Structures are given as structure tokens and as C-alpha cells.
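**Q** In my numbering, the protein residues as written are 8 to 218.
A virtual CB, placed ideally from N, CA and C, is assigned to each residue, including glycine.
In this text, all values refer to a predicted model and were calculated from it rather than measured experimentally.
Below is the structure I would like to discuss, written out as C-alpha cells.
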């Protein structure tokens, strides 16, 4: 893996960025590797990846520098672990919300519904995958690419289940609308762009469903 984070002394994808060896978790306190990942995830989401230094992560996690070396090895690997964990959590959240639904189109629109729920909670910071890609434009981030591939393939599969024509084309358009809706929400500090994107996606899908 090429280095994409400046050194500071240190759909289910499986990357190499995870902990080298996790210590057993105490019933009362998470392991150092878990505290590092949880703290880094919060700070990266709130302040950006490049703006957060290792010293701050270690201090807020209450973890010694040696634990960073033994668990992740570098900030590069911690960043990838953060993105991989984000990808897995988002997949699980969607599956939990979509599983009770029978209509494949309703499952598709659940992506927009979840975004409307989470945007205010995240203070309208936009798409964390897009934010990460913006910070590292020269470096392809594998967890980001994996998440987008999973989203697209999920859309295609659901459109096929619904009997939609040109499922791959429609999936690409829905994904583009979704991307724009998240960006619009960030710019406007509002869920309305996501709501509008949901309506647009539903309308496009409708034109490709069997009559």
C-alpha cells in the first residue's frame, strides 16, 4: 500500500488495515485497539483526517503510543481501518432497515431515508467517503471504492428483482442522484436535498418498471 497520510511517527471487504492483534476486551473497558479506532472515527468524521494528529488520538483514547504500533502500525493503517469500519457499519445499518421490507424499490429508497435520519445527527458534514476522497485526491482509497461498488451492485440487484429495464443504467443514475443529494445537504445544512433526491430517484425508477 502506498502511503497517503503524512507520517506522524507511526456487499464485505477485508483489508489489511485492521489491528495486527487485538487484546482481549475487558467487560468494563474496550481494548486499546477498539478505543483507538472509536476515537479516530469520531475525530476524523468531525474534523477531517489530515487535521487530526496521532497525539490527539492517543490522548483522547487514553492509549499509549506502543498500542498504536502493535494494533495498527501507522496512521495510514488506522485511517484505512476507520474507512473499512465505516463501510461495514453502513452496510449493516442498511440491511437492518431494509430487511423487513418486501418491496425492492422501498429497499432502494431506504438509502435516502437513512441519509435523512443521519444528516442532522452528523451536523450535515456530508458523505464521509466523499470527504475522505477529497482529502486524498491522488490516492485511491480501497474501502471507499468497495463501498461504492457495493452500493451500485445492491441497486442493480434490487432493480432486477423489481423487473426494471436497463437496471445498470438506472442504478448509475440513482447513485449519481444520491451523491448529489448528500452534497446538497452539506451545502444547505438541510435534509431537503436528500428528500428531493429520493423523489427524483423514485420517479426515474418508475419509468423503467413493467407496466
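1) Please tell me whether residue 182 and residue 158 are closer than 8 Å, where the distance is taken between their beta carbons.
2) Counting Cβ pairs, one atom from each stretch, are 3 or more of them under 8 Å apart for the segment 98-111 and the segment 60-75?
3) Contact between the segment 169-180 and the segment 117-135 is defined here as three or more beta-carbon pairs at a separation below 8 Å; is this criterion met?
4) How would you call residue 153, buried or exposed, if buried means at least 16 neighbouring beta carbons within 10 angstroms?
5) Please go through the segment 99-158 and give each complete alpha helix (DSSP H) segment of 4 or more residues, from N-terminal end onward.
6) Is the Cβ-Cβ distance between residue 39 and residue 74 less than 8 Å?
7) For residue 191, name the three-state secondary structure that DSSP assigns.
8) Does residue 194 pass the burial test, meaning 16 or more other C-beta atoms within 10 Å, or should it be called exposed?
9) Taking C-beta to C-beta, are residue 204 and residue 142 nearer than 8 Å?
10) So, helix, strand or coil for residue 41, using DSSP?
11) How would you call residue 81, buried or exposed, if buried means at least 16 neighbouring beta carbons within 10 angstroms?
12) Nearest CA to the CA of residue 217: which residue from 198, 166, 192?
13) Residue 79 and residue 43: beta carbons closer than 8 Å?
14) Leaving out five residues on either side along the sequence, give the residues of the same chain with a beta carbon under 7 Å from the beta carbon of residue 70.
15) Keeping to the same chain, check which residues put their C-beta closer than 7 Å to that of residue 90; ignore five residues upstream and five downstream.
16) By the DSSP assignment, the alpha helix (DSSP H) with residue 205 in it spans what residues?
**A** Taking the geometry as given:
1) yes
2) no
3) no
4) buried
5) 111-128, 135-142
6) yes
7) helix
8) exposed
9) no
10) helix
11) buried
12) 166
13) yes
14) 39, 42, 43
15) 139, 148, 150, 151
16) 199-213
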